[in-house]
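To start, the structure under review is shown below, and the notes come after it.
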C-alpha cells in the first residue's frame, strides 16, 4: 500500500492537469498498468488478479476517506462529460459508502462487479470524448480549453476513484481494515471535495488544520499491508543524497528513540504551519506567530510569541527519529535494516528525492531533473560547466570523477566533446569505432524526446495515459531496457538518462507552477 | 621457359634440365628459407624476383615486410605483395587519410603492423577506416602525429587486437584520448606516451586499470604525479617501466607507495630530480626481480642511495649517467649490488680512483662499462679495472684525459674479450694499439681525436681484428693511406668508417675501402686530397652505401656524382657542402630513388633553376639543408609544393671556415673545456 502511494505521487507530479491535492484518489488508474507491465508483460486488464491485489490495497487506503459527511444519494449514472463538480464529490461518497458499508457477501460482490462494468463503460466514453476533443482544443483559446480540460479531468478522476474503491471492496479479507480511523479521513475527504468544488482558490482552513492536526502520531496508525511488491524503480537508488546517508553510522539501539512517521501529504505540503483564523499557511512557526499578531492583541503577548516547545525542553525528551512512509524503503521503520532519518527536513528531502517525480527541470540543459528545488538551484549554479562526458551520457563537472566512473564501469569510455571531433569527418559513420560518438547521438535523441514531452499539450498527456492503460507495449518497459546494448544500459542506470521514458507524459509541472501555485492552479 | 623445354624434349633431357635448375627440385618452403638470407641488400631480392616467373611469384608471396619509398606507388606495391603484414611508412612523410584508406582496403585483415611515425598529415577518419578494416592490427606507431587530437586517437579504441602502440610526441592528446584507447584496446602490451604532454595521472591510471596485459609502459616526460603509480605497480605483467623526466614524482608521494611491482625487470627513472634515496628505496621495495635500473641525471649517488639497491638481488645493469657521485656512494654500490654486468658512469662528476677502484674490485662480473668523461680517474683505476674485470666486452672511456698511454697496454693485455672499445680523445699510442690488437673479437673501435698513434698502430689492429664493423678515426692526425689499407684488406666486414679530417688520406685509401662490400657509412669530411676517382671506386665497390659525407672535400666534383648515381642505389643521405659539385652532379643524383636527405651549403656552381630541377625530380626528399640565399632565389611556389610533398627545408647562413690542423684544433677544444 505504501509503495503504491509513492507511485501515486509520481503520477501526481506527472500529470499537472490533475490537481495534486486531489491526486490521492485520482492517480490510481495509471498505477496498476504501470506496475503491471513492469513486473509482467501481460495485457493489463482490470480483472487481472495482480491488479485486483493492488485494487484491494488501494481500497483499504482509500477507506480512510470513506466517511462521507454529506451524501445526497444522487444517481451514479448522472456522471457524464459535463457533470458538475459537486456531483463528483457525491459520487465519490457514494462509492466509498459502497466500499465500506456492507460486510462481505457474494451478492454484494456481484453488485460491485456490475457497477465496475458500468464505470468502465463510462470511462471508455469519457476517453473517447477526450480523443474527439483533442482537435478542437487545439483550436480553442487557451482559457476555454483549460476549463474544459478541468471538467473532463474531474470526471475522469471521479470515475477512476469509484472503480478503484469498488474493486477494493471485492476482497473480503480487507474488511477489518475498513474500520480504520475515520476521523482524519473526514478531513481528508472534505479536503478533496472542497478543492474539487472551489475551483482551487483557497484552502479550507478547518480542513487543512484538521488534516494537519493528524500529526505524526496519527500517521503511525497507517500500517503497510505487508507483502507489497517493491515497485519503485531502481533508478531512484543513485539519487540518494548525502543528507539521507548522513546518519548512516549513527547506530542508535532500537527503542532508544521515538519513531515518527509523517504521512506523505504532510511531507509534500508546502506549508506546515497554518493560521487557525484565516488559514494562511507558513513554512515556519515563527512566521506564523508573527502573522498571528495581526489577528488581535491576545497574540501579541510574549507567551504567544515565545517558542511553543521551550517549556517542554526541561523534561527529558525521548530522542526523535523519523521514518519514511514509503514501504520497502530503507528509511521505513519496517525495513530490515531500518535507518531512521534525523529531522523533518531530512524526511522531506529524502521523500521528495527518492519517492517523488523529479519535476524541476534545469532550464539551461533541459536534462537534469530534481524533486527538491534547492537541488535544482545548486545544479544551476554549475550547469553547463559539466564538460566531462562519458559515452553513457553522464556528465561530470570534474575530470577525475569521469575517470573514476569509467574505471568502474565496463564498456564506458570518455566521450570527446563534439566541437573537437567535428573536424574529423566520417567519424560518425564508423559507428562501432566510437561508441562514445554514437551514444551521444542516442543521448541527444533522448533529450529531444524529453523536451517534447515537456512542451507537449495536455491532450497529449491524456493520450499518453490512455496508451499506458490500453497498450503497455507502446511504452518502453524496463524489460526492453535490459535488452539494450551496454551503453543504453548505462543510460538506464543513470537517473536522468532514461527516466523520462518510464513515466508517461512526464511532467510539464515545471518550476513555473511548482510549490504553492499548484493549489491555485485550477 | 624451363617448362616449355620439358614439354618439347624427351624424358632424359627433362631430367638434365632439372639437374641444371636445382630450384625445380626444392619445395617452396625451402626457397623461402633461402630467400630469408637475402637480407643485406634490398636490391638482392629485386634481382631474385627478376630471375623467372616462379621466383617472382615466390618472392611476391613471401615478402611480409614493406618499406615503400614513395607513397604514390603504394597501391601497386600493395597489390604485388598480398601478404604484407608489416608496413613501414617512415620514408613517406606525407601519408594522408586517402592513403590510409587505400592501405586499409587493399591490405585488410592481413596487415598486422604499421609505422606512421614520420607523418602527421592523416587524421582520425583515416585511422578509423584503417582500424575498422585491418582488424588484425597488432602494432601501430603514431609517433610525431603532432596534429592529432583526442578525437583522432580515440578511434584506435576499435583496434581490439592492438598490442603495441607508440604515441610519442603526440602533444595534443589528453587523458580523454588515452582513456578511449585504454577502454578499447584491452590487449595492449606496450604503450609509449613519451612527450604526450597533455596526458596526466588520470589517463595513465585508466590505462593501468583497463589494460592488464601491459608489459612495457613508457611515460617519459609526462606531467604525472605518483597518484597513478599504485595502479601501475599493480599491473601483473609489467616488466619495463620508463619514467624518465617525470618531474612530478617526489619523495613524499613515493613514500606512500605500499607495494612494488614484482614482475618489473627494467626501471628507468632518469632525470627525476625530485627523487632521492628516500623515495627510491620505497619505490624499490617489492621489486625484487629488477634487472636494470637507470637513475641517470638524477639526485647524487650517495651511500644511502646505493644501499637502497641492496634489496635488488637480480640487478644486473645500473646506469648512473650524469649523476654526481661520491666516493662513498661508489663504494656502497660495490658492496650492495650482487653482481653487476653493466655499469654506466658516463659524465659522472666525482668518480675518483679511490671509489672506482673499490667498485670494480667488487664487481668482477662486469661486462659493459661506460666511464665516458670521468676525467679524474688515472692509470690506477684502469689497472684495477683490467685486473678485476677480465670479462669486459664493452669499454667506453672517451675523454679520460688523465689516463696515460701505458694504461691502454694493460687494457689490451688483460681484457681480451673486448668487443667494443671507445678511446675517443685519449692518449693511446701505437704501443697501446698493438696491445689492443689482441682483442680479436673487437667489432667497434673509436679512435677519434687520438693524435698519438700512427699507421703502425692501426696496421696492428687491421692485422688481428678482422671482425671490425665500425672504425672511427675522426681527426686522427697520424693516419695515412697505409693504415687504412691495412684495415681495408683484413676487415672486410667493415660497415662504417669515419676518416674525417685525416689529412693524410688520398684516393688510394678509398679505393682500398671499396673492397669492403658491406660498407654503408662513409664519412670523410675535410679530407682535401680525395677526388671523384676515389668516390667512384667507393660507389662501384660498396653497393650498400647509404650515408656519405664528403663535406669540404673540395676536389670532389660532378664526375664523382655520376658513378654514385649509377651504382649507389641505396644511398639515403649525402652531404655535399663545400665540394665542387654543381647543378649537373646534383641532377644526376636524383636518379637515386631512396635519397631523402641532402645537405648542400655552398652556392658556387649551383643555380636556382638547377637546384629547383634537382629538388623537383628527387621525389623522396624529406630533409634538405641549403644556403639561405636560395630561400629567396628559389620560386616560392616550388618550396610550397615540396613542403606539401613532405620535404622539410633547413636554411643555413654559415660562412666557410678554413680547417685548423688537428693539433691546434684539439688545443682549441681544450681551451673551451672547463
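Residue numbers (my numbering), protein chains in the order written: chain A, 1 to 522; chain B, 1001 to 1674. Ideal Cβ positions, reconstructed from N, Cα and C, are used throughout, including at glycine.
Contact defined as beta carbons within less than 8 Å: I believe residue i pairs with residue j. What is the distance between those atoms, to the nearest angstrom?
i	j	result
residue 1530 of chain B	residue 1507 of chain B	6 Å
residue 1208 of chain B	residue 1234 of chain B	7 Å
residue 1631 of chain B	residue 1596 of chain B	In fact, because the Cβ distance is near 20 Å, the residues do not count as touching under 8 Å.
residue 1262 of chain B	residue 1244 of chain B	Residue 1262 of chain B to residue 1244 of chain B, Cβ: 22 Å. No contact.
residue 1226 of chain B	residue 1249 of chain B	5 Å
residue 1320 of chain B	residue 1295 of chain B	6 Å
residue 1720 of chain B	residue 1382 of chain B	Not covered by the structure: residue 1720 of chain B. The range shown for chain B is 1001 to 1674.
residue 1070 of chain B	residue 1619 of chain B	6 Å
residue 1107 of chain B	residue 1078 of chain B	6 Å
Residue i: buried (16+ other C-beta within 10 angstroms of its C-beta) or exposed?
i	result
residue 1081 of chain B	buried
residue 124 of chain A	exposed
residue 1221 of chain B	buried
residue 1034 of chain B	exposed
residue 294 of chain A	exposed
residue 1015 of chain B	Bear in mind that the predicted position of residue 1015 of chain B carries a pLDDT of just 48, short of 50, making it too unreliable to give a figure here.
residue 1668 of chain B	exposed
residue 1457 of chain B	buried
residue 1648 of chain B	exposed
residue 1254 of chain B	buried
residue 1398 of chain B	buried
residue 1481 of chain B	buried
residue 1130 of chain B	buried
Considering only C-alpha positions, which residue in the set the options is nearest to residue i?
i	options	result
residue 326 of chain A	A/343, A/320, A/262	A/262
residue 1195 of chain B	B/1216, B/1166, B/1180	B/1166
residue 1323 of chain B	B/1373, B/1660, B/1042, B/1354	B/1373
residue 1545 of chain B	B/1354, B/1496, B/1670, B/1579	B/1496
residue 1511 of chain B	B/1455, B/1533, B/1502	B/1533
residue 1654 of chain B	B/1407, B/1317, B/1231, B/1626	B/1626
residue 1594 of chain B	B/1578, B/1611, B/1566	B/1566
residue 264 of chain A	A/364, A/392, A/323	A/323
residue 1125 of chain B	B/1522, B/1149, B/1552, B/1657	B/1149
residue 1428 of chain B	B/1417, B/1412, B/1442	B/1412
Taking only beta-carbon atoms, is residue i less than 8 Å away from chain A?
i	result
residue 1219 of chain B	no
residue 1176 of chain B	yes
residue 1198 of chain B	no
residue 1202 of chain B	yes
residue 1145 of chain B	no
residue 1248 of chain B	no
Provide the residue span of the beta strand (DSSP E) that contains residue i, from first to last.
i	result
residue 1650 of chain B	1648-1652
residue 1596 of chain B	From DSSP, residue 1596 of chain B is part of no beta strand (DSSP E); its letter is neither H nor E.
residue 1166 of chain B	1164-1166
residue 1141 of chain B	1139-1141
residue 1195 of chain B	Looking at the DSSP string, residue 1195 of chain B is not in any beta strand (DSSP E), and its letter there is neither H nor E.
residue 265 of chain A	Looking at the DSSP string, residue 265 of chain A is not in any beta strand (DSSP E); the run it does join, the alpha helix (DSSP H), is 264-268.
residue 1178 of chain B	That residue, residue 1178 of chain B, is in no beta strand (DSSP E); its alpha helix (DSSP H) goes 1175-1184.
At the 8 Å Cβ level, is residue i part of the contact set with chain B, yes or no?
i	result
residue 311 of chain A	Legend: pLDDT at residue 311 of chain A = 47, less than 50; position of this residue unreliable, value from coordinates given subsequently. Residue 311 of chain A does not count as touching chain B.
residue 433 of chain A	For residue 433 of chain A, the pLDDT reaches just 37, beneath the cut-off of 50, and the residue's location in the model is therefore unreliable, although a value from the coordinates is still provided. Chain B, which has a Cβ nearer than 8 Å to the Cβ of residue 433 of chain A, makes this yes.
residue 399 of chain A	yes
residue 403 of chain A	yes
residue 394 of chain A	no
residue 416 of chain A	yes
residue 413 of chain A	yes
Please compile the residues from chain C whose C-beta is within a distance smaller than 8 Å of the C-beta of residue i.
i	result
residue 1205 of chain B	Going by chain labels, chain C is absent from the structure shown, which instead holds the protein chains A and B.
Give the range of the alpha helix (DSSP H) segment to which residue i is assigned.
i	result
residue 1636 of chain B	1636-1644
residue 1522 of chain B	Taken as a continuous stretch (DSSP letters only), residue 1522 of chain B belongs to no alpha helix (DSSP H), being part of the beta strand (DSSP E) at 1521-1523.
residue 1414 of chain B	1405-1414
residue 1434 of chain B	1430-1436
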